[in-house]
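Asks:
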Amino acid sequence: MEKTPEISTPEGKCAAEAIASLQRARKNLRIYPKNNPIYMRTVEETYNKTMDFFEFGDTLELRIQRNEFMLGDEEVYNGTGQEENFALFFFRDGIRSITFTSELKVDELLKFLSAIAVDLDREEVEEDLVTLLWEKDFANIKYKVDDSVLVEDENFQQQAEDKARENPTEEGVMQQAQEAPPEDDDFTPITPMPVTDEDLEILARDIEDYGKGYIDKLTDIVFDMLYASGNIDEFKDVVRIIQSSVEHSASNDDLPGAMKIFQRVKEVVQKTKSENVSKALNEVLRSAGSGSLMRIIGSCLDDKDGIKDEDFKEYVGILSTSAIPQMIELLGELQTIQGRKKAIMALTFVGKRDIGAVSKGLQDKRWYVVRNIILVLRETKHKNALQHIVKGLAHEEPRVRREAIKGISDFGGIKYIDRLVDMLYDEDKGVSIAAASALGKLRHRVGMEALIARITDKNLLEEDASLLRKYFEALSFFKYDDVIGFLEDILKKNPFFGRATYNEMKAVAVYCLGLLGDQRSMGLLEELRGSKVKQIADAANTAIKRIQRAKKG
Amino acid sequence: MQKKGDSSERVAKGIVNQLAAIIRTSQIHNPQNVAVLKSVDRLMELLTVVFGEESAVNLELVGEYFYLNESRIKVSMDQLINFDYLVHEYKKLGLGSITFGNDVTAEDIQAFLKAYLSAAFTDVPFDELAMAAGGISSISVAIPRVEKDTKEETDIRKTVKATYFNAVSYTKGVFEKIKSGEKANIKRAKRAVQSMVDVLLTEEELLMGMTAIKDYDDYTYHHCVNVSILSIAMGQKIGLSKSQLQELGMVALFHDLGKMEVPQEVLNKPTSFTDDEWKIVKKHPMWGVRAILNMKGFDELSIKAGIVAFEHHIYRDNTGYPDRRFPHDLDIFTRIVSLADQYDGMTSSRVYSRTPMSPEKALSLMMERVESQLDPRLFKFFVNMVGIFPVGTALMLKSREIALVYGANMSIPDRPRVLVISDTDGRKVQGHLVDLAEKDQDGTFKNSIARTLDPNKFKINLAEYLL
Numbered sequence: 001m002e003k004t005p006e007i008s009t010p011e012g013k014c015a016a017e018a019i020a021s022l023q024r025a026r027k028n029l030r031i032y033p034k035n036n037p038i039y040m041r042t043v044e045e046t047y048n049k050t051m052d053f054f055e056f057g058d059t060l061e062l063r064i065q066r067n068e069f070m071l072g073d074e075e076v077y078n079g080t081g082q083e084e085n086f087a088l089f090f091f092r093d094g095i096r097s098i099t100f101t102s103e104l105k106v107d108e109l110l111k112f113l114s115a116i117a118v119d120l121d122r123e124e125v126e127e128d129l130v131t132l133l134w135e136k137d138f139a140n141i142k143y144k145v146d147d148s149v150l151v152e153d154e155n156f157q158q159q160a161e162d163k164a165r166e167n168p169t170e171e172g173v174m175q176q177a178q179e180a181p182p183e184d185d186d187f188t189p190i191t192p193m194p195v196t197d198e199d200l201e202i203l204a205r206d207i208e209d210y211g212k213g214y215i216d217k218l219t220d221i222v223f224d225m226l227y228a229s230g231n232i233d234e235f236k237d238v239v240r241i242i243q244s245s246v247e248h249s250a251s252n253d254d255l256p257g258a259m260k261i262f263q264r265v266k267e268v269v270q271k272t273k274s275e276n277v278s279k280a281l282n283e284v285l286r287s288a289g290s291g292s293l294m295r296i297i298g299s300c301l302d303d304k305d306g307i308k309d310e311d312f313k314e315y316v317g318i319l320s321t322s323a324i325p326q327m328i329e330l331l332g333e334l335q336t337i338q339g340r341k342k343a344i345m346a347l348t349f350v351g352k353r354d355i356g357a358v359s360k361g362l363q364d365k366r367w368y369v370v371r372n373i374i375l376v377l378r379e380t381k382h383k384n385a386l387q388h389i390v391k392g393l394a395h396e397e398p399r400v401r402r403e404a405i406k407g408i409s410d411f412g413g414i415k416y417i418d419r420l421v422d423m424l425y426d427e428d429k430g431v432s433i434a435a436a437s438a439l440g441k442l443r444h445r446v447g448m449e450a451l452i453a454r455i456t457d458k459n460l461l462e463e464d465a466s467l468l469r470k471y472f473e474a475l476s477f478f479k480y481d482d483v484i485g486f487l488e489d490i491l492k493k494n495p496f497f498g499r500a501t502y503n504e505m506k507a508v509a510v511y512c513l514g515l516l517g518d519q520r521s522m523g524l525l526e527e528l529r530g531s532k533v534k535q536i537a538d539a540a541n542t543a544i545k546r547i548q549r550a551k552k553g
Numbered sequence: 001m002q003k004k005g006d007s008s009e010r011v012a013k014g015i016v017n018q019l020a021a022i023i024r025t026s027q028i029h030n031p032q033n034v035a036v037l038k039s040v041d042r043l044m045e046l047l048t049v050v051f052g053e054e055s056a057v058n059l060e061l062v063g064e065y066f067y068l069n070e071s072r073i074k075v076s077m078d079q080l081i082n083f084d085y086l087v088h089e090y091k092k093l094g095l096g097s098i099t100f101g102n103d104v105t106a107e108d109i110q111a112f113l114k115a116y117l118s119a120a121f122t123d124v125p126f127d128e129l130a131m132a133a134g135g136i137s138s139i140s141v142a143i144p145r146v147e148k149d150t151k152e153e154t155d156i157r158k159t160v161k162a163t164y165f166n167a168v169s170y171t172k173g174v175f176e177k178i179k180s181g182e183k184a185n186i187k188r189a190k191r192a193v194q195s196m197v198d199v200l201l202t203e204e205e206l207l208m209g210m211t212a213i214k215d216y217d218d219y220t221y222h223h224c225v226n227v228s229i230l231s232i233a234m235g236q237k238i239g240l241s242k243s244q245l246q247e248l249g250m251v252a253l254f255h256d257l258g259k260m261e262v263p264q265e266v267l268n269k270p271t272s273f274t275d276d277e278w279k280i281v282k283k284h285p286m287w288g289v290r291a292i293l294n295m296k297g298f299d300e301l302s303i304k305a306g307i308v309a310f311e312h313h314i315y316r317d318n319t320g321y322p323d324r325r326f327p328h329d330l331d332i333f334t335r336i337v338s339l340a341d342q343y344d345g346m347t348s349s350r351v352y353s354r355t356p357m358s359p360e361k362a363l364s365l366m367m368e369r370v371e372s373q374l375d376p377r378l379f380k381f382f383v384n385m386v387g388i389f390p391v392g393t394a395l396m397l398k399s400r401e402i403a404l405v406y407g408a409n410m411s412i413p414d415r416p417r418v419l420v421i422s423d424t425d426g427r428k429v430q431g432h433l434v435d436l437a438e439k440d441q442d443g444t445f446k447n448s449i450a451r452t453l454d455p456n457k458f459k460i461n462l463a464e465y466l467l
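Line by line, the protein sequences are chains V and S.
With my numbering, the residue at position 100 of the first sequence is 100, and numbering never jumps.
With my numbering, the residue at position 95 of the second sequence is 95, and numbering never jumps.
Listed below in structure tokens is the structure:
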């Protein structure tokens, strides 16, 4: 059951308000980020509430009991039965009083609030409230601590003292000492040693340098330990340390550090004749592609300045094909274009060695991962890649289908020309255009015929005339008389209905003749230059110029 | 706000620097010399900054530290010489504090300097200074604050002992927990080290006294704590920040963690080690790295602690152990811990070296090893810290009384504060403190050191007096 203390004095009430404000601040600082107005307002209000107390004196000293804050003899807070017992929060770590002095500054209070806002119950937190407050080194906040809460063995001190006093100095010993002749010791008593400016300078430099390159140093040490391992258990322990060193380097954005470790592991693997050593160390090398390391690398890749190209290339160089699943996962998690570009580059490099492993990424539920996997398969230029790329044609996302079409085109996949012809009729315009372009690049008669069929589809003009230009562009890849004949047929026709739309088709056909660049078309084009339809006349003019330019060289 | 705090710290340091410079320069030149006058002007500027918020500036020496209006001034490396110089001057004159009122002028400071210089060469310098400076209303001097009363002294002693034994108990717990595969509590290590740092700031002599007692059980645990205390004390002397002291204390505390893997029958062997046993003992630095990293996981502190654990038996000339294929320079923290480790090891009755050395003999031996094994610069600080007669050194005084060194005297190193434990006839007495720097009215020292004694030879139990 909650208890509310009865506070009778004005200073007691003021202290109680300050405590309530501190407790509120603890909660708010946990919830809101630093730039949030509530965060800033909370700090300001808590500061003001604390400063209000100094109307009653220069110090606000709060004694802390298990459930209470006491101001002098007056109870100003009682946490019994409360969801969060604020007194107990301090008490459990041994804090028995806190004193704020009137010189308190806002930033000092903020440091205090930040310390009490830390979630100390999390397992990974290596602090308690006392260690946190100590590190802040406050000038105007003092606290008294009872360290006995930490004592695990209450009898330890007494036993140690008893043991130390076990053999008291015997009577008569002092007289023996007085009478004993001077020791004939062979040592020279030391004399005071003045410290010079140079000593100070050098030490100051050493202190400044302390800690620099500590991971490199650990690496040296760990490899010393590796060579000194007396048995396989020791060896495996050291290998585990090496593994953790790599992860520590990477998590501190020190990829070069991690690389140095891998390089050294590689050297040992190359030199060793022991299968066990080689096996254990190869595990380390394989860990370069572990999920945890990959995630760390990923956060570096997303950071614009996170990773240097040469460092990343070196990293990729040691990855084995077992890293491919993690790399695919990474590809899906990266947030930035530059990050994804690097990951694609890496996956292409490693994936060449195991196309099957890369192709597993085609089953990913995220369409953008599938598209990038197809891109990777394209970039590998591996002969086995095409059979996997083709699977992308059936993907529900048009951007994936487009990427697959481009892949088939890159690989000159005549084998799949029928599939490309089908894609000409895809409901997505982009896919259809990509298919047309791919057919053009393949330059196969089947493709030409499919394109002509698609262009002459009477519905096309009504569906989307803008597609025409792309289809004709694709058609221009076929330097066949059939194509010229087809175009001339179009140009000679004069339909009565839908003339305006048909003129559009004619203009594009003229444009296509220009692209084909066949001298034999010049006569027809000259003729069309005089067309009353401006669109056609202009197109003919451009086509003529293009053919003339091509002829010149 | 932080900037304000930083600047007031800078001003405080500046005041110590300038005051030291003024006294030093005026001892060489005349107080009217241009260099002195310039320094006086600079001091005036700094005092004026403080007068903006305070009505007076009180510069007090407590122990080895200066306090400006009761706030401790942190010593930084670049100002160490001036700080030490001013500490020495205060002690030489028996000064506790100098207070400048906000009406002080440059002329007042010059007049004070004159009084200071003439008083410094008398037998009763503080009285002379107080009298000569009496006419300067804006500057006053005071003797050191009265020693703590008995109850306070007892409470402090209790706190110091609790701090020490708490750290030892924790260390023992860590060893035992790791051995039994449990997780050690790092929060407690931090608490223990932070307490040691705090106690060392105010009660250095008492805590150092605890390290001088070598009759405890469980040598390894006491040794770890002693090395941590000695290292922190060294760190303070070379101007490390509070957080650096914490880090140094932590890495020192864990430097011998690898010993837990050395079989007890080897570690407790009363005779010298065989070659095979040495081989095992020499592995403890490597085992230490493994134990620390397993205990704490990988973070900056555990790696640094691992480095110190690995390096603490490697010497400057690359000898020592473990053997290294990939040698690198030794960290400054390693070099500090090595000094503390050697000193504590030599002066302890370690199981595998039953005969402990007297502290001054240990220092002498370390001196011989300086060039090859230890950092000569840090060794200077170490010697100046523990004193040429370190705490726990047994002495025979010229009065024939037997005494134990209780605290070093930085200004007059061969005149430490001692605890007299026998009368002139060799009868045991309840220890009482005597400052060997104390003089008679005629200006001669009241007592002096006749020679050092080996407390182990005479079986003088230090715990009886220092605990």
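Heads up, the beta-carbon is just placed ideally off N, CA and C, and yes, glycines get one too.
Quantities reported herein were computed from a predicted structural model and do not represent experimental measurements.
1. If we cut at 7 Å on Cβ distances, does V:Pro189 have a partner in chain S?
2. Does DSSP put V:Arg549 in a helix, in a strand, or in coil?
3. Could you give the DSSP three-state label for V:Asn503: helix, strand or coil?
4. So if DSSP puts S:Leu397 in a beta bridge, which residue, or which two residues, is it bridged to?
5. S:Thr452 and S:Leu395: beta carbons closer than 7 Å?
6. Taking only beta carbons into account, state which residues of the segment 156-187 of chain S come closer than 8 Å to chain V, listed in chain order.
7. Indicate the three-state DSSP secondary structure (helix, strand or coil) for S:Asp435 in the structure shown.
8. Using a threshold of 7 Å, state whether the C-beta atoms of S:Ile402 and V:Thr169 are closer than that.
9. Given V:Asn384, which residues of its chain have a CB within under 6 Å of its CB, disregarding the five upstream and five downstream residues?
10. Suppose you measure from the CA of V:Gln263 to the CA of S:Glu89; what does that come to, to the nearest Å?
11. For S:Leu129 and S:Ala115, which I take to be in contact (beta-carbon distance under 8 Å), what is that distance rounded to the nearest angstrom?
12. Within 10 angstroms of its Cβ, does S:Gln2 collect 16 or more other Cβ (buried), or is it exposed?
13. Give me the subset of the segment 247-281 of chain V whose CB atoms are less than 8 Å from a CB atom of chain S, sorted by chain position.
14. Could you tell me which chain V residues have their CB closer than 8 Å to the CB of S:Tyr216, listed as they occur along the chain?
15. Does the Cβ-Cβ distance between S:Phe379 and S:Val386 come in under 7 Å?
16. Determine which residues share a DSSP beta bridge with S:Arg72 and list them.
17. Along the chain, where does the alpha helix (DSSP H) containing V:Ser249 start, and where does it finish?
18. Just the C-alpha distance for S:Ala120 and S:Ile109, rounded to the nearest angstrom, thanks.
19. Would a check of beta-carbon distances place V:Lys217 closer than 7 Å to chain S?
20. Nearest chain S C-beta to V:Glu126 closer than 7 Å, yes or no?
21. Less than 7 Å between the beta carbons of V:Phe478 and V:Met522, yes or no?
22. Just to check my reading of the structure: S:Ile280 and S:Val289 have Cβ atoms closer than 8 Å, yes? What is that Cβ distance to the nearest angstrom?
23. Where do the N-terminal and C-terminal ends of the alpha helix (DSSP H) with S:Thr485 fall, by residue?
24. Verify whether the separation of the beta carbon atoms of S:Asn226 and S:Asp341 is less than 7 Å.
25. Distance cutoff 7 Å, beta carbons only. Does V:Val130 sit that close to anything in chain S?
26. Taking the straight line between their C-alpha atoms, what separation do you get for S:Leu47 and S:Gly63?
27. Mind listing the chain V neighbours of S:Asp331? Cutoff is C-beta to C-beta under 7 Å, in chain order.
28. In angstroms with no decimal places, state the Cα-to-Cα distance between V:Ile307 and V:Ser287.
29. For V:Asn167, which residues in chain S fall below 8 Å Cβ to Cβ?
30. Pick helix, strand or coil for V:Asn384, following the three-state DSSP scheme.
31. Could you tell me which of V:Lys105, V:His382, V:Phe89 and V:Leu218 sits nearest to V:Ile141, measuring between CA atoms?
32. With C-beta atoms as the reference, is V:Ala509 less than 7 Å away from V:Ile490?
33. Quick one, which residues of the segment 288-310 of chain S are near chain V if we go by CB-CB under 9 Å, in chain order?
34. For V:Ser244, which of V:Lys266, V:Ala228, V:Pro256 and V:Thr219 has the nearest alpha-carbon?
35. Where does V:Arg443 fall in DSSP's three states?
Replies: Answer, in terms of the structure:
1. Output row for V:Pro189: interface = yes.
2. If DSSP states are grouped into helix, strand and coil, V:Arg549 belongs with the helices.
3. Reduced to three states, the DSSP call for V:Asn503 is helix.
4. Looking at the DSSP assignment, S:Leu397 forms a beta bridge with S:Ile449.
5. Yes, Cβ-Cβ distance for S:Thr452 and S:Leu395 is below 7 Å.
6. Within the segment 156-187 of chain S, the qualifying residues are Lys161, Ala162, Thr163, Phe165, Asn166, Val168, Ser169, Tyr170, Lys172, Gly173, Ile186 and Lys187.
7. DSSP places S:Asp435 in strand when its eight states are reduced to three.
8. For S:Ile402 and V:Thr169, no; Cβs fall outside 7 Å.
9. Excluding the 5 residues flanking it on each side, V:Asn384 has same chain C-beta neighbours closer than 6 Å at Ile355, in chain order.
10. Spanning the two alpha carbons is a distance of roughly 58 Å.
11. Cβ atoms of S:Leu129 and S:Ala115 come within 8 Å of each other, at about 6 Å.
12. No answer about S:Gln2 holds up, because its pLDDT of 36 lies below 50 and its placement is not dependable.
13. So the close ones are Glu247 and His248.
14. What S:Tyr216 touches in chain V: Ala160, Lys163 and Ala164.
15. It is not a contact, given that the beta carbons lie outside the stated cut-off.
16. Answer by DSSP bridge pairing, in chain order: S:Tyr67.
17. Looking at the DSSP string, the run of the alpha helix (DSSP H) that includes V:Ser249 is Ile232 to Ser251.
18. Rounded to whole angstroms, S:Ala120 to S:Ile109 spans 16 Å at the Cα level.
19. Taking CB atoms only, V:Lys217 has a neighbour in chain S less than 7 Å away.
20. Chain S has a Cβ within less than 7 Å of the Cβ of V:Glu126.
21. Not closer than 7 Å, so no.
22. Taking C-beta atoms under 8 Å as the contact rule, S:Ile280 and S:Val289 fail to qualify, at a distance of about 16 Å.
23. Given that chain S is displayed from residue 1 to residue 467, the structure contains no residue 485 of chain S and the question cannot be resolved.
24. For S:Asn226 and S:Asp341, no; Cβs fall outside 7 Å.
25. Among the residues facing chain S, V:Val130 is included, as its CB has a counterpart in that chain under 7 Å away.
26. S:Leu47 and S:Gly63 have their C-alpha atoms some 24 Å from each other.
27. Per Cβ cutoff of 7 Å: Tyr210.
28. Approximately 19 Å between the Cα atoms of the pair.
29. The answer, in chain order, is Asp215, Lys459 and Asn461.
30. Correct three-state label for V:Asn384: coil.
31. Relative to V:Ile141, the option among V:Lys105, V:His382, V:Phe89 and V:Leu218 whose CA is nearest is V:Lys105.
32. In this structure, V:Ala509 sits near V:Ile490, with a CB-CB distance shorter than 7 Å.
33. Flagged, chain order: Val289, Arg290, Leu293, Asn294, Lys296, Gly297, Phe298, Asp299, Glu300, Leu301, Ile303, Lys304, Gly306, Ile307 and Phe310.
34. Here the closest residue by C-alpha is V:Thr219.
35. Here V:Arg443 sits in coil by DSSP.
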